[in-house]
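Enquirer: I am attaching a structure below and will ask some questions about it afterwards.
There are 2 protein chains.
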Amino acid sequence: MPRAATTSDAFNAVAEPRRRQILNYLADTERSVGDIVSRLGLEQPSVSKHLRVLRDVGLVKVKRHGRHMIYRTNPEAIRPLHEWTKTFERFWAHQLTRIKERAEGRGREPSYDR
Amino acid sequence: MPRAATTSDAFNAVAEPRRRQILNYLADTERSVGDIVSRLGLEQPSVSKHLRVLRDVGLVKVKRHGRHMIYRTNPEAIRPLHEWTKTFERFWAHQLTRIKERAEGRGREPSYDR
DNA sequence: TTGACACATTCCGATATAGGAATATATTAT
DNA sequence: ATAATATATTCCTATATCGGAATGTGTCAA
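Chains as they are written, first to last, in our numbering: chain A, 2 to 115; chain B, 2 to 115.
Structure representation (structure tokens):
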């Protein structure tokens, strides 16, 4: 079995650095494909292909404007990633609290029998 | 050029659902490979291979305990993902604020010439 | 209608999978 | 030393990729 398709979900789509760049760029303002090409210095077909992947997983939305295609990031689609990473937040957000807890005898290491 | 290696960074490593499951499972308590195998119902070689990927990008830490290998999630390595997704947080966290801002004339749509 | 422009898609090739099966390595028990 | 246990690695195969080049599609202008 090969690796899951990049279009299978946001996690896979976002694994590619250029796609993250695109999402960053499109977060503040909607932009045409040409804008993205000149801003990120990528080949036009490359950008179109990345946008296609992002589109398939709902990470960007498009609208036609004359012969321009105007893309914008759909932040809602990033939310699941945020939620997932957030489940680990407690481990770095409250370092002092955790150290304190351990000192108090909670959060002890489990033991492993031979 | 093929897709970037799963070991190239946390984003790629985490694209695989089973690897996320493993990270979830190892977040609260450190566990042996066998524990992971029986808990997640995966083949042992599969688990070892996923752990290898996670290890290569620093998402898990290991220590030997007899003939058991005890793995635990390293939350710090997830932090970059969290930070990245966080840059989009404002778009869903303060919906009302943003609607208000737009109503006040800020955040206007850019115009596109033909 | 023809041409220019903006973008999308297709075809190609090299490569990195992920699972399954088999095998190798390391540690403990007898 | 030998067997048993726990884990890791290797080999195999089918497939999805990403970039580059070429080509296709759609819209606007003259």
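A virtual CB, placed ideally from N, CA and C, is assigned to each residue, including glycine.
Count the CB pairs spanning the region 85 to 93 of chain A and the region 78 to 91 of chain B that are closer than 8 Å, and state whether there are at least three.
Expert: Touching, yes.
Enquirer: Over the uninterrupted beta strand (DSSP E) stretch that includes R21 of chain A, give me the two end residues.
Expert: Not the beta strand (DSSP E): R21 of chain A falls in the alpha helix (DSSP H), residues P18 to D29.
Enquirer: Verify whether the separation of the beta carbon atoms of V48 of chain A and V63 of chain A is less than 8 Å.
Expert: Not in contact: V48 of chain A and V63 of chain A (Cβ atoms no closer than 8 Å).
Enquirer: Around the C-beta of D36 of chain B, are 16 or more other C-beta atoms found within 10 angstroms, so that it is buried, or is it exposed?
Expert: D36 of chain B comes out buried.
Enquirer: So, for R73 of chain A: in the same chain, excluding its five sequence neighbours on each side, which residues have a beta-carbon less than 7 Å away from its beta-carbon?
Expert: Around R73 of chain A: L27, E31, V61 and K62.
Enquirer: Report yes if the C-beta distance between A116 of chain A and A6 of chain B is below 8 Å; otherwise report no.
Expert: Given a span of 2 to 115 for chain A in the structure shown, any question on residue 116 of chain A remains unanswerable.
Enquirer: Closer than 8 Å, CB to CB, is E44 of chain B near chain A or not?
Expert: For E44 of chain B, the answer is no, since every Cβ of chain A falls outside 8 Å of its Cβ.
Enquirer: Of all Cβ atoms in chain A, is any one closer than 8 Å to the Cβ of H51 of chain B?
Expert: No, its Cβ sits nowhere closer than 8 Å to a Cβ of chain A.
Enquirer: Give me the chain B residues within the contact set of T86 of chain A, using Cβ-Cβ distance strictly less than 7 Å, ordered along the chain.
Expert: In chain order: I79, L82, H83 and T86.
Enquirer: Might you give, ordered along the chain, the residues of its own chain that have their beta carbon closer than 6 Å to the beta carbon of S9 of chain B, omitting 5 neighbours on each side?
Expert: Result list for S9 of chain B: empty, nothing under 6 Å.
Enquirer: Taking C-beta to C-beta, are H66 of chain B and I23 of chain B nearer than 8 Å?
Expert: No, the Cβ-Cβ distance between H66 of chain B and I23 of chain B is not below 8 Å.
Enquirer: By Cβ distance below 8 Å, which residues in the same chain neighbour R19 of chain A in space, the five residues on each side in sequence not counted?
Expert: The residues are L41, L43, S47 and H51.
Enquirer: From the beta carbon of A5 of chain A, is the nearest beta carbon of chain B less than 8 Å away?
Expert: True, the Cβ-Cβ gap to chain B drops below 8 Å.
Enquirer: In chain order, what residues of the same chain lie with their CB nearer than 6 Å to the CB of P3 of chain A, ignoring the 5 residues before and after it?
Expert: Answer for P3 of chain A: no residue qualifies.
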